[in-house]
Amino acid sequence: MAEKVVNIEMINPENLVYQKTKVLNDNVMHYCPGCGHGTAHRIIAEVIEEMDIQSEIIGIAPVGCSVLMYNYFNVDMQEAAHGRAPAVATAVKRLWPDKFVFTYQGDGDLAAIGTAETIHACNRGENITMFFINNGIYGMTGGQMAPTTLEGMRSSTSPYGRDISMMGNPLKMTELVAQLPGTCYVTRQAVHTPSNVRKTKKAVRKALEYQQKNMGTSFIEIVSNCNSGWKMAPVESNNWMVENMFPFFPLGDIKVPDEE
Amino acid sequence: MEEYKLMKGNEAIAEAAIRAGTDGYFGYPITPQSEVMEYLMAEKPHERTGMVVLQAESEVASINMLYGGAAAGKKVFTSSSSPGISLMQEGISYIAGAELPCLIVNVARGGPGLGTIQPGQADYFQATKGGGHGDYNLIVLAPASVQEMADFVSLSYDLAFKYRNPVMILSDGAIGQMMEKVKFKEQEPRMKTHPDWATVGKPADRGPNIITSLDLDPARQERFNNKLQEKYKKIREEEILFEEIDCNDADYVFVAYGTSARICQKSLQLAREEGIKVGLFRPITLWPFPYEQIIRLSKKTKGMLSVELSAGQMVEDVRLAVEGKIKVEHYGRMGGMIPTPEEIVLALKKQIIGG
Ligand SMILES: Cc1ncc(C[n+]2csc(CCOP(=O)(O)OP(=O)(O)O)c2C)c(N)n1
Chain A
1 MAEKVVNIEM
11 INPENLVYQK
21 TKVLNDNVMH
31 YCPGCGHGTA
41 HRIIAEVIEE
51 MDIQSEIIGI
61 APVGCSVLMY
71 NYFNVDMQEA
81 AHGRAPAVAT
91 AVKRLWPDKF
101 VFTYQGDGDL
111 AAIGTAETIH
121 ACNRGENITM
131 FFINNGIYGM
141 TGGQMAPTTL
151 EGMRSSTSPY
161 GRDISMMGNP
171 LKMTELVAQL
181 PGTCYVTRQA
191 VHTPSNVRKT
201 KKAVRKALEY
211 QQKNMGTSFI
221 EIVSNCNSGW
231 KMAPVESNNW
241 MVENMFPFFP
251 LGDIKVPDEE
Chain B
1001 MEEYKLMKGN
1011 EAIAEAAIRA
1021 GTDGYFGYPI
1031 TPQSEVMEYL
1041 MAEKPHERTG
1051 MVVLQAESEV
1061 ASINMLYGGA
1071 AAGKKVFTSS
1081 SSPGISLMQE
1091 GISYIAGAEL
1101 PCLIVNVARG
1111 GPGLGTIQPG
1121 QADYFQATKG
1131 GGHGDYNLIV
1141 LAPASVQEMA
1151 DFVSLSYDLA
1161 FKYRNPVMIL
1171 SDGAIGQMME
1181 KVKFKEQEPR
1191 MKTHPDWATV
1201 GKPADRGPNI
1211 ITSLDLDPAR
1221 QERFNNKLQE
1231 KYKKIREEEI
1241 LFEEIDCNDA
1251 DYVFVAYGTS
1261 ARICQKSLQL
1271 AREEGIKVGL
1281 FRPITLWPFP
1291 YEQIIRLSKK
1301 TKGMLSVELS
1311 AGQMVEDVRL
1321 AVEGKIKVEH
1331 YGRMGGMIPT
1341 PEEIVLALKK
1351 QIIGG
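Protein sequence lines correspond, in order, to chains A and B.
Just so we're aligned, residue 1 is where the first sequence starts under the numbering used here, counting upward by one.
Just so we're aligned, residue 1001 is where the second sequence starts under the numbering used here, counting upward by one.
Given below as structure tokens:
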């Protein structure tokens, strides 16, 4: 065994340039190494800390890989039934209009079983912020086909690749909700590189600021990998995401408020 | 100050809910209960008390809105009728599993399927034996008048918050639609403080409040289930409500709730005019069911006829109570048909007295 070398310089307080946000606790996350959920959590938590709204925010967790996200966030949270987070959030926000409310959902949750709740919350223009983690697959239940699974993409229920004639088309929910008058800000981001992390963080901040101004639904899709579901190593899955997911789910703002 | 109003049962529920200090209503139209939301919208409770009223996109959405509102510490209710209540079952199970207080009103109609818009009592099993998945119980109240439709709203909230448990008012299309005079309580203020478990935003001086029904650890999940069962046991011991009419000298007893109980009251008179001593036992809480009271009654009577607008659901609980010691039969109509009082007396004679 090599001797452990500790660089004392590095842990001197004056040399610490990065600290984990207090809005996340120290519980070990259950996510697969390489998965985007953890990074997305951190970004949201950092923005909550930076905006100093920890005591005023209520989060709604989905059913999916991030079902246990309330184990990591130091904020009040509710765990919704599969797909129903936008309905749950609607009530919380209407009953507590001065608080911040956000949902966090996967593609199966938001764009399959919860399609009606998603569309109607966005169409009513509920003053909530919705985070949509699109990994093109049902991670939690073992890699089945999702509404966002690409044509030809393999999953445990499309083992020979998604055949459009048989299984239908992948759904661009984000473009769809951008059409609705109730949404004020709709954007698609990713978290696989430091520069994308920075962009996503800016988007999260904007979304919560729009909520503060009661501008309607702010909606952020985060295109993510699912290395275990896709059966790839983490780096390989990120490369695959760039090459295959981004052309179909292009990154960038889809709808921004008029004031900009 | 006496203040009587002439109102439909559905409207009475809505008015009583405003006065009980309800914070939010979430619902989806369905006959025969649509007057609940119509009345609320017309009354502008957001101006009267600040209450939120929202027409949801479906009953799936409304029950999950109820989950959110209840988890955020608010007094919330929804109403629907049979098919809509079926659609809510997953959400109701989550609400029971997360131990959230709220009120669900079922103004039941005949089924199965789309069935009919006429009254029915065929949702008894669904309401009292689970309905959704898992070992849980709703507290179920069965009003038999417009006045009780109104009175049971605040009673439901009291029970819901006392036990952190969803409460259902199981009514039917006849009571929802009929008009009677009703007296309301004074306006109660909306809650100013909220339960300490509610998700209202985490202040610096406590840890996060988490509302969930998930626990992947089997030992902990079993412990939680045991805790739920303890709660249900306490409710069974303490919250049973019922009414007895002319049971003291009765040889025979009608067991009926809601609309059926009202018809049986007339049947009872008709039978007594013929010299048959009949009483009426009316369970008011369908869960917890008044087993003990029925056992006691069975010791001094010769037979019981359970009268329901169904193929015979509550009769199973009556039979469970009397354990075969006296004769128990069911008489009912289905599909929205309502029996006449004479028909019920005839059934008593044929199935219980002569049988
Ligand atoms: C009513 C219901 N149907 C099905 C399931 C099973 N289920 C749990 S998570 C899930 C899919 C999750 O996929 P996604 O939303 O894409 O999130 P991910 O796990 O990929 O993060 C399914 C089908 C459930 N819990 N409830």
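All residues carry an ideal CB built from backbone N, CA and C; glycine is no exception.
Use the C-beta contact count for residue i: other C-beta atoms within 10 angstroms, 16 or more gives buried, fewer gives exposed.
{"i": "isoleucine 11 of chain A", "result": "exposed"}
{"i": "glutamate 1099 of chain B", "result": "buried"}
{"i": "asparagine 169 of chain A", "result": "exposed"}
{"i": "isoleucine 1030 of chain B", "result": "buried"}
{"i": "arginine 188 of chain A", "result": "buried"}
{"i": "valine 235 of chain A", "result": "exposed"}
{"i": "asparagine 1226 of chain B", "result": "exposed"}
{"i": "tyrosine 18 of chain A", "result": "exposed"}
{"i": "glycine 114 of chain A", "result": "buried"}
{"i": "alanine 2 of chain A", "result": "At alanine 2 of chain A, the pLDDT of 47 sits below 50, so the modelled position is not reliable; the number obtained from the coordinates is stated separately. The residue is exposed, with fewer than 16 neighbouring Cβ atoms inside 10 Å."}
{"i": "serine 158 of chain A", "result": "buried"}
{"i": "arginine 1220 of chain B", "result": "exposed"}
{"i": "phenylalanine 1125 of chain B", "result": "exposed"}
{"i": "alanine 1311 of chain B", "result": "exposed"}
{"i": "proline 1203 of chain B", "result": "exposed"}
{"i": "asparagine 238 of chain A", "result": "buried"}
So residue i and residue j are supposed to be a Cβ contact under 8 Å. How far apart are they, rounded?
{"i": "glutamate 1057 of chain B", "j": "alanine 116 of chain A", "result": "6 Å"}
{"i": "asparagine 134 of chain A", "j": "phenylalanine 249 of chain A", "result": "7 Å"}
{"i": "asparagine 71 of chain A", "j": "glutamine 54 of chain A", "result": "Incorrect: roughly 17 Å between the Cβ atoms, too far for contact."}
{"i": "proline 1195 of chain B", "j": "glycine 1275 of chain B", "result": "The pair is not a contact, with the Cβ atoms about 56 Å apart (cut-off 8 Å)."}
{"i": "glutamate 1015 of chain B", "j": "phenylalanine 1184 of chain B", "result": "6 Å"}
{"i": "methionine 1179 of chain B", "j": "leucine 1006 of chain B", "result": "6 Å"}
{"i": "valine 1053 of chain B", "j": "methionine 1041 of chain B", "result": "6 Å"}
{"i": "alanine 121 of chain A", "j": "threonine 90 of chain A", "result": "5 Å"}
{"i": "phenylalanine 1152 of chain B", "j": "threonine 1078 of chain B", "result": "About 15 Å separates the two Cβ atoms, so there is no contact after all."}
{"i": "threonine 129 of chain A", "j": "serine 224 of chain A", "result": "Not a contact, Cβ separation roughly 17 Å."}
{"i": "phenylalanine 100 of chain A", "j": "glutamine 211 of chain A", "result": "6 Å"}
{"i": "aspartate 1172 of chain B", "j": "threonine 1259 of chain B", "result": "5 Å"}
{"i": "asparagine 1239 of chain B", "j": "proline 1288 of chain B", "result": "The residue asked about is misnamed: residue 1239 of chain B is glutamate in this sequence, not asparagine. Going by Cβ atoms, the distance from glutamate 1239 of chain B to proline 1288 of chain B rounds to 6 Å, so yes, they are a contact pair."}
{"i": "tyrosine 1136 of chain B", "j": "glycine 1097 of chain B", "result": "7 Å"}
Look up residue i in the DSSP assignment and give the residues it is bridged to.
{"i": "tyrosine 1331 of chain B", "result": "B:Val1307"}
{"i": "glutamate 79 of chain A", "result": "A:Ala61"}
{"i": "tyrosine 1004 of chain B", "result": "B:Lys1183"}
{"i": "threonine 1285 of chain B", "result": "B:Leu1141"}
{"i": "isoleucine 1210 of chain B", "result": "A:Met77"}
{"i": "methionine 1149 of chain B", "result": "DSSP lists no partner for methionine 1149 of chain B."}
CB of residue i to nearest heavy atom of ligand 1: below 6 Å?
{"i": "threonine 141 of chain A", "result": "yes"}
{"i": "tyrosine 138 of chain A", "result": "yes"}
{"i": "histidine 82 of chain A", "result": "yes"}
{"i": "alanine 1096 of chain B", "result": "no"}
{"i": "valine 63 of chain A", "result": "yes"}
{"i": "asparagine 15 of chain A", "result": "no"}
{"i": "alanine 146 of chain A", "result": "yes"}
{"i": "aspartate 107 of chain A", "result": "yes"}
{"i": "asparagine 135 of chain A", "result": "yes"}
According to DSSP, is residue i part of a helix, a strand, or is it coil?
{"i": "asparagine 944 of chain B", "result": "A query on residue 944 of chain B cannot be resolved here, the shown segment of chain B reaching from 1001 to 1355 and no further."}
{"i": "glycine 190 of chain A", "result": "Looking at the sequence shown, residue 190 of chain A is not glycine but alanine. Of the three classes helix, strand and coil, the one that applies to alanine 190 of chain A here is strand, per DSSP."}
{"i": "serine 1171 of chain B", "result": "strand"}
{"i": "threonine 1116 of chain B", "result": "coil"}
{"i": "asparagine 1190 of chain B", "result": "In the sequence as presented, asparagine is not what sits at residue 1190 of chain B; that position holds arginine. Coil."}
{"i": "leucine 1346 of chain B", "result": "helix"}
{"i": "threonine 115 of chain A", "result": "helix"}
{"i": "tryptophan 230 of chain A", "result": "helix"}
{"i": "aspartate 52 of chain A", "result": "coil"}
{"i": "leucine 171 of chain A", "result": "coil"}
{"i": "valine 1052 of chain B", "result": "strand"}
{"i": "cysteine 1264 of chain B", "result": "helix"}
{"i": "tyrosine 185 of chain A", "result": "strand"}
{"i": "threonine 217 of chain A", "result": "strand"}
{"i": "alanine 2 of chain A", "result": "Confidence at alanine 2 of chain A is low in this model, with a pLDDT of 47, below 50, so the placement of that residue should be treated as unreliable; the coordinate-derived value is given next. Of the three classes helix, strand and coil, the one that applies to alanine 2 of chain A here is coil, per DSSP."}
{"i": "proline 1166 of chain B", "result": "strand"}
{"i": "tyrosine 70 of chain A", "result": "helix"}
{"i": "leucine 1087 of chain B", "result": "helix"}
{"i": "tyrosine 31 of chain A", "result": "coil"}
Can you determine whether any heavy atom of ligand 3 sits closer than 6 Å to the C-beta of residue i, and answer yes or no?
{"i": "lysine 1074 of chain B", "result": "Absence of ligand 3 is noted for the structure shown, with ligand 1 being the only ligands found."}
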